[in-house]
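Have a look at the structure below before the remarks.
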């Protein structure tokens, strides 16, 4: 009789599956299924730079540029244009730094796992796994694909990343079966398993498509939206003031003869109402904060709007399992 901590191999696998794949078979499967990695949303550098000049804040600077040029106020036009370019290139530079830091961090975190290839065990990068590979799962390793338990110990598996449950599951078991899903973590035990699904075809890979699509869209932080609301109110008040001055000066005092002077007065009020330095101040402040977090806390800020949201946060709530932090409950 087998120990409750160790299960004998089942008859669900034939001998050809138990010995793993050959290099030639793996190459064919790469062509069919691709590498064991989730697709990333790639954005061209030109688009990344273009995005820095879109949005309410940059539009305010661009409007100020046009107004200054229209009234032939070339010194102000040059100053505002420099601020617009500085604001855009600073945001672009921070995004590039964040992308490089994230890529470097990801490369350092690449995981290897023992795999049977050509009849012998070797350590392979998890991105090189294909369906049919036989792998050795040990305590402490993260499950790199959807893997079916084949033989060995009964594994204690932490599925908090997928299910939110703080208590580990047992595999194989009548309750949970013998398919261990990608992104789970082996807490204890050693067992062989056979890879069934990789990359986007895994359970978590299918769910990541919506997340990737969401990341591809531009986001405005709560902090920025609140600032912009105040700015919009100020601009609307200034526009109302401009229309009032235009009406009173033009119709009541009949100053339409000196139309250029009247237009210059109105446009001066509009320019004065637009906080041209606000976008630059926000970008510089967030960039300094992102740099300090990277130097002192090894935290990679991938998007400045995320940092703005964190800076405006007063209370952080997580669910009862604590999966947002360490997936552990402390009483």
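Residue numbers (my numbering): -11 to 319. Glycine residues also receive a C-beta, built at the ideal position from the N, C-alpha and C atoms.
- Contact check for residue 187 and residue 22: beta-carbon distance about 6 Å, within the 8 Å limit, so the pair qualifies.
- Per DSSP, the continuous beta strand (DSSP E) segment holding residue 100 begins and ends at 100 to 105.
- In terms of Cβ geometry, residue 154 and residue 175 do not form a close pair [threshold 8 Å].
- In the three-state DSSP reduction, residue 143 falls in the strand class (E or B).
- Bounds of any alpha helix (DSSP H) do not take in residue 10, whose DSSP letter is neither H nor E.
- In this structure the region 39 to 50 does not touch the region 143 to 153; the number of beta carbon pairs closer than 8 Å is below three.
- Close CB contacts of residue 25 within its chain, under the 8 Å cut and outside five residues either way in sequence, are with 115 and 187 (chain order).
- Taking every protein chain shown into account, the CB of residue 279 has fewer than 16 other CB atoms within 10 angstroms, so this residue is exposed.
- Counting along the chain, residue 190 sits inside no alpha helix (DSSP H), nor does DSSP assign it H or E at all.
- Residue 178: member of the beta strand (DSSP E) spanning 178 to 185, first to last residue.
- Here DSSP, grouped into helix, strand and coil, assigns residue 281 to helix.
- The alpha-carbon separation between residue 151 and residue 224 amounts to approximately 49 Å.
- Fewer than three pairs of CB atoms, one per stretch, sit closer than 8 Å, so the region 115 to 124 makes no contact with the region 159 to 173.
- Secondary structure of residue 25 (DSSP, three-state): coil.
- In the DSSP assignment, residue 112 falls within the unbroken beta strand (DSSP E) covering 108 to 113.
- At a Cβ-Cβ threshold of 8 Å, residue 139 and residue 184 do not count as neighbours.
- Take residue 62, set aside five residues on each side of it, and the residues of its chain with a beta-carbon closer than 8 Å to its own are 56, in chain order.
- Under the DSSP assignment, residue 215 falls in the alpha helix (DSSP H) whose first and last residues are 210 to 235.
- Proximity to residue 129 across 173, 166, 117 and 17 peaks at 173, based on C-alpha coordinates.
- Contact between residue 169 and residue 191 holds, with the beta-carbon distance rounding to 5 Å and staying under 8 Å.
- In the DSSP annotation of this structure, the continuous segment of the beta strand (DSSP E) that includes residue 126 starts and ends at 122 to 126.
- Spatial neighbours of residue 37 in its own chain (CB-CB distance under 6 Å, excluding positions within 5 residues in sequence) are listed in chain order as 80.
- Of the other Cβ atoms in all chains shown, 16 or more fall within 10 Å of the Cβ of residue 131; this residue is therefore buried.
- In the three-state scheme derived from DSSP, where H, G and I count as helix and E and B as strand, residue 167 is classed as strand.
- DSSP lists 167 and 182 as the bridge partner or partners of residue 136.
- Looking at the backbone, the Cα of residue 282 and that of residue 125 are separated by about 34 Å.
- Taking 8 Å as the cut-off, the Cβ atoms of residue 83 and residue 212 do not count as close.
- Its chain contains 136, 137, 159 and 160 as the residues whose beta carbon lies nearer than 7 Å to that of residue 166, once the 5 sequence neighbours on both sides are disregarded; these appear in chain order.
- DSSP places residue 148 inside the alpha helix (DSSP H), whose first and last residues are 148 to 151.
- CA-to-CA, the gap between residue 275 and residue 70 works out to about 18 Å.
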